[in-house]
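Notes follow the structure.
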Amino acid sequence: METRDKITVGQTLKLFLCLCFSPAIRAIPAFEAQFAKQAGWVAPMVAFLPLFILIFTFDKLFTAYQNQSYTDIIYDILGKFFGNILLFIYVVGLSILLALYTRYYTAKLSIALTATSRMELNIIVLMIIVYLVLRYGLVIMARMSEVIFVIINISFCIIFILSMNNIKIDNLIPISYLDIIPIMRASYPITGLWSYFTFLCFFADRIEDRQNLKKVGTKYVTYLVISTILLSIMVIGSIGYSVTSRSPIPFFVAVKNISLFGAIERIEAIVVTQWIATDFILIAVFLYVILDIIKRIFCVDDIRYLIKISLVFFYLFSFYIAYTIFELRQFSIEVATHLNFILCFVIPIVIYLVGKIRKKV
Amino acid sequence: MVKFILTVSIIYVNDIARLIRDRRIKDIWILTLFTIFTIIFGIFYLSDPYRESFIGKLFSLIKEEY
């Protein structure tokens, strides 16, 4: 929570890719299969455009506001009163998402590993690790994300290569002009998830070389799109759109099907490792952003004393938010998708337009 | 419930002691506010852990079936 800790654009984007990974493997293939069936794997190409617009919007804002965070920009464009209202909305939205992902984390572990295990223990362990990392601030979190980024990408490449035998081209075609509207619909939740980039802009004042955001951002976003297309091809191509849309964790089902000459089997443990690592990054980043916003609302210098008490709150809130995976799934489709899209995509663009009208950008 | 209140109290005392030592009055107020909020929420949830969930309440509010 200290202001002197600075990270690079590359580290920020690695944090972004890590926090996108967990919701991506859980939800993206399911959304694509539900809305666009066999053509779902094309949807990331469409979601590419809004993410580019978002990065260009922030690039413009950061050019106008040197060394200032998204919070500073909100205050300058909207004023203190409306700025505080908007930041409070962000805190509420982020708190709901944090509790949702904490609950998803434990639900996924119950499905994948041990259905009878006590989920309290899973959450407590996660919360303790989040506390230990947040105590040391953004730099440690960014360095951890660099390591996790390499691990999840190598393991994803291995899983993809091993699953190539199971991918059936019949599950991925035909695609015609009739699929344009379903593909657009499938790209909407992906845009919402990828717009989490906005949350990272709350600590943009701690990014050293942010004049390179457009250049480095384009590189990482292209990588994100390609890896999401590969993920979609792997899942929809292996198990078909019907099973993908019905399964709570289709990626896990696709990985379970991997078998290489009967010698390499049951490699789903790799997936569980990926989940735990990326969920940890996601929860740590969200909590960091929540505390950073609270710090600005209350105009204080250091807010690390709130880490422990907020973790206790989110521990309880994650139990209260939902009792079943069906509730979580329905909430993700009916509410969280729109919440993501409005908070992370619409609001930054509105702020940019208001800034433009008020001749501040 | 007892475990929860005990845990929150220990965390509160541990954090506030440092703030009092440094005479950070505003921070003391903020920590106290958040602790009270957490305690109220904890008592609300733990008094009946099987009450309708947040999502369930939200869906019944917007009349969404699931």
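So the sequences go chain by chain: V and D.
Going by this note's numbering, the first residue of the first sequence is number 3, and it counts up by one from there.
Going by this note's numbering, the first residue of the second sequence is number 1416, and it counts up by one from there.
Even glycine gets a Cβ: it sits at the ideal position worked out from N, Cα and C.
Quick caveat: nothing in here was measured; it's all calculated off a predicted structure.
Would you mind reading off the limits of the alpha helix (DSSP H) that contains N155/V?
L140 to S165
Less than 6 Å between C-beta atoms, sequence neighbours within five positions excluded: which residues of the same chain meet that for V337/V?
none
Segment limits, alpha helix (DSSP H) that includes M47/V:
A45 to A66
Using a Cβ-Cβ distance cut-off of 9 Å, determine whether L1421/D contacts chain V.
no
Between S334/V, T14/V, M129/V and A38/V, which lies nearest to L195/V when the distance is taken from Cα to Cα?
S334/V
Chain V contact for L1476/D (CB, 9 Å cutoff)
Interface with chain V (9 Å Cβ-Cβ cutoff): L1476/D is excluded.
Which word fits E329/V, buried or exposed, when buried means at least 16 other C-beta atoms lie within 10 angstroms of its C-beta?
By the beta-carbon neighbour count (other beta carbons within 10 angstroms, threshold 16), E329/V is buried.
As assigned by DSSP and simplified to three states, the class of S1462/D
When DSSP states are grouped into helix, strand and coil, S1462/D belongs to the coil group.
Return the bridge partner residues of I209/V from the DSSP annotation.
According to the DSSP secondary-structure assignment, I209/V is paired through a beta bridge with I9/V.
If the cut-off is 9 Å on Cβ atoms, which residues from the segment 332–349 of chain V count as contacting chain D, listed in chain order?
Q332, F333, E336 and V337
Measuring CB atoms only, is the segment 156–174 of chain V touching the segment 240–253 of chain V, in the sense that at least three cross pairs come out at less than 8 Å?
Enough Cβ pairs lie closer than 8 Å, so yes.
Could you check the C-alpha separation between V44/V and Y179/V for me, to the nearest Å?
12 Å
So the alpha helix (DSSP H) D1430/D belongs to, where does it begin and stop?
V1417 to R1436
Once you ignore the five residues that flank L19/V on each side, which residues in its own chain have a CB closer than 7 Å to its CB?
F151, Y222 and L226
Buried or exposed: where does R331/V fall if 16 or more other Cβ atoms within 10 Å of its Cβ makes it buried?
buried
Closer than 9 Å, CB to CB, is S1462/D near chain V or not?
Not closer than 9 Å to any Cβ of chain V, the Cβ of S1462/D fails to qualify, so no.
Determine the direct distance from the alpha carbon of I1440/D to that of A29/V, and round the result to whole angstroms.
45 Å
State yes or no: is the beta carbon of E329/V nearer than 9 Å to at least one beta carbon in chain D?
yes
Whole-number beta carbon distance between F316/V and L111/V, since they are thought to touch under 8 Å:
That pair is no contact at about 17 Å.
Quick check: what's the CA-CA separation for E4/V versus Y138/V?
Confidence is the limiting factor: at E4/V the pLDDT is only 48, short of 50, which leaves the residue's position unreliable and the question unanswerable from this model.
Can you check whether the C-beta of Y107/V is within less than 9 Å of a C-beta belonging to chain D?
So no, Y107/V is outside the interface.
Sequence-distant residues of the same chain with beta carbon closer than 6 Å to I1445/D, five excluded per side
none
Run through chain V and tell me which residues come within less than 7 Å of S1468/D, C-beta to C-beta.
Y322, I323, A324, Y325 and E329
Tell me the DSSP secondary structure of E329/V in three-state form.
helix
Are there 16 or more other CB atoms within 10 angstroms of the CB of T224/V, so buried, or fewer, so exposed?
Flag for T224/V reads exposed.
Please state whether DSSP places P250/V in a helix, a strand or coil.
coil
Own chain residues within Cβ distance below 7 Å of I2/V, not counting five before or after:
Outside the displayed span of chain V (3 to 363) sits residue 2/V, for which this structure offers no information.
Taking the alpha carbon of T73/V as the point to measure from, which residue in L293/V, L89/V and T59/V has its own alpha carbon closest?
L89/V
CB Y103/V to CB L284/V, shorter than 9 Å?
yes
CA nearest to the CA of F1449/D, picked from I79/V, V314/V, I353/V and A26/V:
V314/V
Out of I131/V, Y67/V and T200/V, point me to the one whose CA is closest to Q213/V's CA.
Y67/V
Where the alpha helix (DSSP H) through I1470/D begins and ends:
F1469 to L1476
Evaluate C203/V with the Cβ neighbour count: other Cβ atoms within 10 Å of its Cβ, from every protein chain shown; 16 or more gives buried, anything less gives exposed.
buried
CB I327/V to CB S97/V, shorter than 9 Å?
Against a cut-off of 9 Å, the Cβ pair of S97/V and I327/V comes out as no contact.
Between which two residues does the alpha helix (DSSP H) containing E122/V stretch?
M121 to R137
Quick check: what's the CA-CA separation for Y354/V versus I75/V?
Each residue's Cα considered, the two are about 9 Å apart.
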